[in-house]
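Below: the structure, in structure tokens.
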Amino acid sequence: MRYFLFCLSLLTWFSCKEKIQAPDVSGQQVDFGFYRMDQKIFSAKDKETLTAALINIQNEHPSFYNVYFNHVFPVGPANNTDSLADAILDFKNQPLSDTLLKMVQMKYDDMKSVEDQFRKTFQYAKYYFPDLSTPDIYTYISEFGIQGFIFEGLGGKDAIGVGLDMYLSDIHNYKKLEPDNPGFSDYITRSWNKDHLVKKAMEVWLSDYVEQTNGNKLLDYMISNGKKLYILKNLMPEVHDSIIMEYTSEALEWCENNEIQMWSFFTEKNLLYETNLGQINKYVNPSPDSPGMPSQAPGRTANYIGYRIVKAFIDKNDKMPFMELATYKDAQKLFDISKYKPKRK
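Our numbering numbers the first residue of the sequence shown as 12 and each following residue consecutively.
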């Protein structure tokens, strides 16, 4: 069974000035399920009700059941619903677990607005990727472990798991859980909120289709990440660019105003063809800054430049289907065709 987890340690990861011409997708029909597994599992008050719920999930949603209870939330034996129910009830009775469940309930009791945003995003996805099925959505609680995963769901169609306990940053300080865990650093968790939920879930889904370019140079990573950002921007044209890029408004503005300086930094330092992964990660993975750039520069500046290169490429190939862009593997060729050159502000 295919599934792909985004764990804490692997979480990798525009401004409204730059509008895109969004197509009319009102006629796009999308059919997807929105399954509140967190409520189905954790709202049960007694063992009998919980066991019945587990059996129902096991029968009706076997793929989710197997991935969730074996890999995401392995609190008890997945092959024994009676023992699993005991383990879940023990978990619920722990003070920290009770607090966690109450926070999720308070923040996500009603998810209609989130479901509506998924629907709108899926309409754009159907427009740009007509041959792909619309994924189902499963919400869950992971005990602060896994933010999202993609798996093969009902009827073999795509399904996206969304960990609601990983989208509470506006009411919960994750750093208090493990102060020394870099995965809970403020520059990472600031985007763990409802505003970023759909974008992050779509990023998980796209990771299954946007192919990594050939090669192991910084340029390859820039183009691969730039393709994802470009596609996300078009799937969510009404969402502020700071959410797509996961920057603060100030950081985004700095990037927009200093694009030529960022590009000069990468070229003058001969970083485009850098193959040392430690060096590459400094500019493509989440970080509070970009080493060597001014202190105002945010992290992941290589991804921002990658997005700009991909945009320049599409501007010259505006008839290219999005699936062809997603599977385009030659980063050097894409860069050459783009003739990317940042303009002075």
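In this text, a Cβ means the ideal position worked out from N, Cα and C, and glycines have one as well.
Where N268 and D142 are concerned, what is the direct C-alpha to C-alpha distance, given to the nearest angstrom?
The straight-line gap from Cα to Cα measures roughly 38 Å.
What residue range is occupied by the uninterrupted beta strand (DSSP E) comprising E163?
For E163, the enclosing beta strand (DSSP E) begins and ends at I157 to E163.
Can you give me the start and stop residues for the alpha helix (DSSP H) that A337 sits inside?
Boundaries of the alpha helix (DSSP H) harbouring A337: F333 to A337, taken from the DSSP string.
Please state if the CB of K327 and the CB of I348 are separated by a distance shorter than 8 Å.
It is a contact, given that the beta carbons lie within the stated cut-off.
Based on Cα-Cα distance, which residue from Y339, Y185, I199 and T150 lies nearest to L175?
Taking only the C-alpha atoms, the option nearest L175 is T150.
Ends of the alpha helix (DSSP H) at T286?
For T286, no alpha helix (DSSP H) encloses it, and the DSSP letter there is neither H nor E.
Counted within 10 angstroms of its Cβ, other Cβ atoms place L288 as buried (16 or more) or exposed:
Counting Cβ neighbours within 10 Å, L288 comes out exposed, since fewer than 16 surround it.
Which first and last residues belong to the beta strand (DSSP E) in which Y151 is found?
For Y151, the uninterrupted beta strand (DSSP E) run begins and ends at D147 to Y151, by DSSP.
Using the Cα positions of N104 and K56, report the straight-line distance between them to the nearest angstrom.
Taking the Cα positions, N104 is about 11 Å away from K56.
What's the gap between the Cα of P34 and the Cα of L243?
One alpha carbon belongs to P34, the other to L243, and they sit about 14 Å apart.
In angstroms, rounded to a whole number, what distance separates the CA positions of M12 and K168?
Its pLDDT being 48, under 50, M12 is placed unreliably in this model, and the coordinates cannot settle the point.
Beta-carbon within less than 6 Å of L230's beta-carbon, same chain only, minus the 5 sequence neighbours each way: which residues are those?
Cβ within range, chain order: L283 and A342.
What's the call for K210, buried or exposed, on a 16-neighbour Cβ count within 10 Å?
Classification of K210: buried, given that the 10 Å Cβ count is 16 or more.
From S196, D93 and M122, residue whose alpha carbon lies closest to that of D300:
Ranking S196, D93 and M122 by Cα distance to D300 puts S196 first.
With a cut-off of 8 Å, do at least 3 Cβ pairs link the segment 255-262 to the segment 328-342?
These segments do not touch.
Reduced DSSP category for I182 - H, G, I as helix; E, B as strand; rest coil
Three-state DSSP puts I182 in coil, outside helix and strand.
Alpha-carbon spacing of Y198 relative to K186, whole angstroms
Near 11 Å, if we compare the C-alpha coordinates of K186 and Y198.
Considering Cα atoms alone, identify which of K205, K228 and V173 is closest to M48.
Nearest option by C-alpha distance: V173.
Measuring alpha carbon to alpha carbon, tell me which residue in G303, W265 and Y318 is nearest E279.
If we check each option's Cα against that of E279, G303 comes out closest.
DSSP-derived helix/strand/coil call for R47:
In this structure, R47 counts as strand in the three-state DSSP scheme.
Under a three-way DSSP split, which group does D219 fall into?
DSSP places D219 in the coil class of the three-state scheme, outside both helix and strand.
DSSP state of D169, grouped into three classes?
Residue state for D169 is assigned as strand, using DSSP reduced to three classes.
With H, G and I counted as helix, E and B as strand and the rest as coil, what does DSSP make of G174?
In the structure shown, G174 sits in a strand (DSSP, three-state: E or B).
What is the DSSP secondary structure of M117, reduced to helix, strand or coil?
DSSP, read as helix, strand or coil, puts M117 in helix.
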